[in-house]
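This report refers to the structure that appears directly beneath it.
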Amino acid sequence: MKPLDREFYLRDTLTVAKELLGKYLVREMDGGYLVGRITETEAYIGAIDKACHAYGGKITPRTKTLYEQGGTSYVYLVYGMYHCMNVVTEPQGEAAAVLLRSVEFVKGYEEASMLRYGKELEVLSKAQLKNFANGPGKLCKAMGITREQNNRNLCGQNFFITDCIEGINNPTFELGISPRIGIDYAQEAKDFPWRFFSI
DNA sequence: CTGCCGATTTAC
DNA sequence: TAAATCGGCAGA
1 MKPLDREFYL
11 RDTLTVAKEL
21 LGKYLVREMD
31 GGYLVGRITE
41 TEAYIGAIDK
51 ACHAYGGKIT
61 PRTKTLYEQG
71 GTSYVYLVYG
81 MYHCMNVVTE
91 PQGEAAAVLL
101 RSVEFVKGYE
111 EASMLRYGKE
121 LEVLSKAQLK
131 NFANGPGKLC
141 KAMGITREQN
151 NRNLCGQNFF
161 ITDCIEGINN
171 PTFELGISPR
181 IGIDYAQEAK
191 DFPWRFFSI
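Everything in the first sequence is counted per the numbering used here, starting at 1 for the first residue and increasing by one.
Given below as structure tokens:
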């Protein structure tokens, strides 16, 4: 369970967004591990993307995290009640990130159930499993990710992404591509095919 | 300081 | 289809 190294994140944002599919988001909490396989991502590239918070070089207290070096977390609150977890990409000074939109839990489901629903789910129906963390807000709720986790180094040992979990088989999948979700205000950028998901 | 709006989710 | 809910940001 070795964190992806810095070099992984310092690359082109679209490449990182695609390659994050099938990787595992890991968060250590109270000595246990919450682990989810990433199944959906979106790229946001400040230099050319009106949907990006840092479009046009905009620097505010919130967006300054987007300018950090690749491998940093960018977490913010949307709609006054949900958090979104992003991974900053590219070298320091380039505002770009990948939004993690969906994971499938592979470890720590009991603890995650407490965080998400306030109780442990005994019976896991197919629908419950599917709906558990298949959205950016749900994902953060289930993994206890809030603005406290903003601007963290993702190359450390308690909050990171890895490509291998012992005892877990890496399934193969095909790459799906589509426009991004929920950015109808972003003019021409709303049609950019920057959403990636595993099929 | 005021007012508008959102990279969502859930319930009706 | 609409409500929930509040921080971020622009403009006065």
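Note that the Cβ used here is the ideal one computed from N, Cα and C, for glycine as well.
- For residue 81, the secondary structure class from DSSP, reduced to helix, strand or coil, is coil.
- Under DSSP, residue 97 forms a beta bridge with 44, 88.
- Looking only at 20, 180, 34, the smallest Cα-Cα distance to residue 26 is reached by 34.
- Between the region 2-13 and the region 155-165, the count of C-beta pairs closer than 8 angstroms reaches three or more; the two stretches touch.
- Taking the Cα of residue 45 as reference, the smallest distance to any Cα among 17, 22, 109 is reached at 17.
- Nearest in C-alpha terms to residue 77, of all of 193, 58, 99, is 99.
- Cβ contact annotation for residue 10 (same chain, cutoff 8 angstroms, sequence separation greater than five): 69, 70, 71, 89, 90, 91, in chain order.
- Counting C-beta atoms within 10 angstroms of its own C-beta, residue 191 has fewer than 16 neighbours from the protein chains shown and is therefore classed as exposed.
- Residue pairing of residue 27 in beta bridges, as defined by DSSP: 34, 159.
- In the structure shown, residue 72 adopts extended strand secondary structure according to DSSP, grouped into three states.
- In the DSSP assignment, residue 125 falls outside any alpha helix (DSSP H), carrying neither H nor E.
- Closest option to residue 156, judged by alpha-carbon separation, among 180, 188, 28, 37: 28.
- Rounded to whole angstroms, the gap between the alpha carbons of residue 182 and residue 30 is 34 angstroms.
- Residue range 175-178 is occupied by the beta strand (DSSP E) that includes residue 176.
- Look at residue 195 here: in three-state DSSP terms it is strand.
- Annotation: residue 43 to residue 124 spans about 32 angstroms, alpha carbon to alpha carbon.
- For residue 107, the CB contacts under 6 angstroms within the same chain, skipping 5 residues up- and downstream, are 33, 35 in chain order.
- Looking only at 12, 22, 61, the smallest Cα-Cα distance to residue 199 is reached by 22.
- Cβ-Cβ distances below 6 angstroms link residue 176 to 197, 199 in the same chain, with the five nearest sequence neighbours on each side left out; the list follows chain order.
- Bridge partners of residue 3 according to DSSP: 162.
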